[in-house]
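Undergrad:
There are 2 protein chains.
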Amino acid sequence: MAPTPNSALLAAHLREDTADLLALLPAARRAAAGGPGGGEATLDGIARAAYRTLRTAENLAAHAALCTAPPHPQPVCVTALAAAYVSGAAGVCRSAVFVPEWPRAPLWAMGDARLLAAALGNLLANAVQYGGERPAISVRAARRGETLLLTVADNGPGCAPSAGDRGLGLGLEVARRYARAYGGRLLAGSAPERGACFSLCLPLCPPGAAPSVPDYMADRFSPLYVQLAPVCDLPL
Amino acid sequence: MAPTPNSALLAAHLREDTADLLALLPAARRAAAGGPGGGEATLDGIARAAYRTLRTAENLAAHAALCTAPPHPQPVCVTALAAAYVSGAAGVCRSAVFVPEWPRAPLWAMGDARLLAAALGNLLANAVQYGGERPAISVRAARRGETLLLTVADNGPGCAPSAGDRGLGLGLEVARRYARAYGGRLLAGSAPERGACFSLCLPLCPPGAAPSVPDYMADRFSPLYVQLAPVCDLPL
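Residue numbers (full-length UniProt numbering), protein chains in the order written: chain A, 1 to 236; chain B, 1 to 236.
(1) With distance defined between alpha-carbon atoms, name the residue in A:169, A:96, A:47 and A:53 nearest to residue 139 of chain A.
(2) Does the distance from the CB of residue 172 of chain B to the CB of residue 126 of chain B come in under 9 Å?
(3) Would you check if the distance between the CB atom of residue 132 of chain A and the CB atom of residue 156 of chain A is smaller than 9 Å?
(4) With 16 as the cutoff for other CB atoms within 10 Å, does residue 72 of chain B come out buried or exposed?
(5) Which of helix, strand or coil does DSSP assign to residue 111 of chain B?
(6) Rank B:16, B:64 and B:120 by C-alpha distance to the C-alpha of residue 50 of chain B and give the top, closest one.
(7) Using alpha carbons as the reference points, say which of A:120, A:91 and A:80 lies closest to residue 105 of chain A.
(8) Anything in the segment 18-36 of chain B with a Cβ closer than 8 Å to a Cβ of chain A? List those residues in chain order, please.
(9) By Cβ distance, which residues of its chain are closer than 6 Å to residue 54 of chain B, with the 5 residues on each side in sequence left out?
(10) Does the segment 188-204 of chain A come close enough to the segment 15-32 of chain A that 3 or more CB-CB pairs lie under 8 Å?
(11) List the residues of chain B whose Cβ lies closer than 7 Å to the Cβ of residue 98 of chain A, in chain order.
(12) Identify the contact partners of residue 14 of chain B in chain A, using a Cβ-Cβ distance below 8 Å as the criterion.
(13) Mapping DSSP to helix, strand and coil, what is residue 7 of chain A?
(14) Does residue 99 of chain A pass the burial test, meaning 16 or more other C-beta atoms within 10 Å, or should it be called exposed?
(15) Does residue 7 of chain A pass the burial test, meaning 16 or more other C-beta atoms within 10 Å, or should it be called exposed?
(16) Mark residue 199 of chain A as exposed unless 16 or more other C-beta atoms lie within 10 angstroms of its C-beta, in which case mark it buried.
(17) Residues of the segment 116-143 of chain A with a CB closer than 7 Å to any CB of chain B: list them in chain order, please.
(18) Between residue 247 of chain A and chain B, is the shortest Cβ-Cβ distance under 9 Å, so that the two count as touching?
(19) Just to check my reading of the structure: residue 152 of chain A and residue 123 of chain A have Cβ atoms closer than 8 Å, yes? What is that Cβ distance to the nearest angstrom?
(20) Looking at the unbroken beta strand (DSSP E) that takes in residue 138 of chain B, where does it start and where does it end?
(21) I want to see whether chain A comes within less than 9 Å of residue 221 of chain B, judged by CB atoms only; does it?
(22) Does the distance from the C-beta atom of residue 223 of chain B to that of residue 117 of chain B stay below 9 Å?
(23) Looking only at C-alpha atoms, which of B:101, B:115 and B:206 sits nearest to residue 181 of chain B?
(24) Kindly list the residues whose CB is nearer than 6 Å to the CB of residue 158 of chain A, restricted to its own chain and excluding five residues on each side of it in sequence; keep chain order.
(25) Quick one: measure Cβ to Cβ for residue 43 of chain A and residue 25 of chain B, integer angstroms, because I've assumed they're closer than 8 Å.
(26) Suppose contacts are defined by Cβ-Cβ distances below 9 Å. Is residue 150 of chain A in contact with residue 202 of chain A by that definition?
(27) Buried or exposed: which applies to residue 163 of chain B, given that a residue is buried once 16 or more other Cβ atoms fall within 10 Å of its Cβ?
(28) Any C-beta of chain A sitting closer than 9 Å to the C-beta of residue 72 of chain B?
(29) Tell me which residues share the same chain as residue 177 of chain A and place their Cβ nearer than 8 Å to its Cβ, disregarding the 5 neighbours each side in the sequence.
(30) Look at the alpha carbon of residue 30 of chain B and the alpha carbon of residue 88 of chain A, and state the distance between them as a whole number of angstroms.
(31) Report the option in B:82, B:146, B:208 and B:209 whose CA atom is closest to the CA atom of residue 183 of chain B.
(32) So with CB distances below 9 Å, who are the chain A contacts of residue 173 of chain B?
(33) Please classify residue 208 of chain A as buried or exposed, where buried requires at least 16 neighbouring CB atoms within 10 angstroms.
(34) Cα separation between residue 52 of chain A and residue 82 of chain A?
(35) When DSSP builds the beta bridges, which residues end up paired with residue 98 of chain A?
(36) Between residue 141 of chain B and residue 175 of chain B, is the Cβ-Cβ spacing less than 9 Å?
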């Protein structure tokens, strides 16, 4: 029995995305019947709405895992994960610019690679979604004492520290719960004309025997693809 | 903060339905590009998968309402609601036969019309889904002392009393929670070769000033349509 942050809100999101999808079907049917074109763009819209639902499902699963399973901290190479994510995101979200910044020596934290990937994917997707017209997204990893700071900052209009007015829901909650579960925290901030900034503070650890970073863009149901697809600009 | 019965399971359902939908998109794209036919059938499959998600959202909202809002019992004309639902369902699920059975005089219970509609819609949809190849569904309303029994029985392979092995999830939970919240209970039973049988036991009340029964089939986002669409046999 895992709690859901707000199941009424979750239901409203699912309804909205599915209503968007169903609203596109008549145009797709007209195109399929040989009517005037636009079939491809309509099907892109259908795919985008479906991916919004898939992202909700991905976050719901991560949230359930964070609420029910006890944390099982393992060494995670955060810089390798960030590098894989930034490169994957740059391939899908071509109108966005990603600026990675971390030291040459790998940085490791205690955590869970799969769930940290979900948390980072949400921060990246939010930055793409709420960044400026041409999102410029900085991804930084740095050591601060015994803490690893993993920061995603964008060039959008920023947000209040609560981030509540920025439309962020389950995704940010996943990032927050991840940080708490693994002995860290999520910091949110923004400055006028400097966009929003979210930092995961994670407990540093010495290099460990982490599994190699999976190819997060290898298939269309991978966590990163699912999180970026609703906000990316490629045909899906 | 409404609890979700099982958010990991809910996430799995959402993923499965959306993956089904996305798997149909390449065929829809081929058809849209003037490839070999099948566009209509593909789009029917997409609509069906989308309606499965919409049904999940509908049940999630009803579940959240039942978990968070205190019950506010009002007189509900159960036979009028059942009549509207049976007639609506018969119009959509044409391969199923619905056999209504209730006394001529209307029967009223204390409850919430909107949420009782959600509970009944789930029982009907489950009967269509798990009934025999040509579902024969009996819908009965009868007085038993101070209780109103609203029973939906099908001609499927039946189920264990827990109904757990019949694939029923959130829908049955909505019916069960509705019954409990409004002073009744949900009984489940089955007999070999006689199919499954679910009875909502509701507190009878004298005729009241209930609002007229809405037209549950009037639009494609109405609760009954949403619940039946995933299991109905009409093009959507």
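Every residue, glycine too, gets a C-beta built ideally from N, C-alpha and C.
TA: On the basis of the coordinates in this document:
(1) A:96
(2) yes
(3) yes
(4) exposed
(5) strand
(6) B:16
(7) A:80
(8) 18, 19, 21, 22, 25, 28, 29, 31, 32 and 33
(9) 226
(10) no
(11) None at all; the shortest Cβ gap to chain B is about 26 Å.
(12) 14, 53, 54, 56, 57 and 60
(13) helix
(14) exposed
(15) buried
(16) buried
(17) none
(18) No answer is possible for residue 247 of chain A: it lies beyond the span of chain A, which begins at 1 and ends at 236.
(19) 4 Å
(20) 136-144
(21) yes
(22) yes
(23) B:115
(24) 190, 195 and 196
(25) 6 Å
(26) yes
(27) A caution first: residue 163 of chain B carries a pLDDT of 45, below 50, which makes its placement in the model too unreliable to give a value.
(28) no
(29) 63, 66 and 67
(30) 27 Å
(31) B:146
(32) The premise fails here: residue 173 of chain B is roughly 12 Å from chain A at the closest Cβ pair, so nothing lies under 9 Å.
(33) exposed
(34) 23 Å
(35) A:137
(36) no
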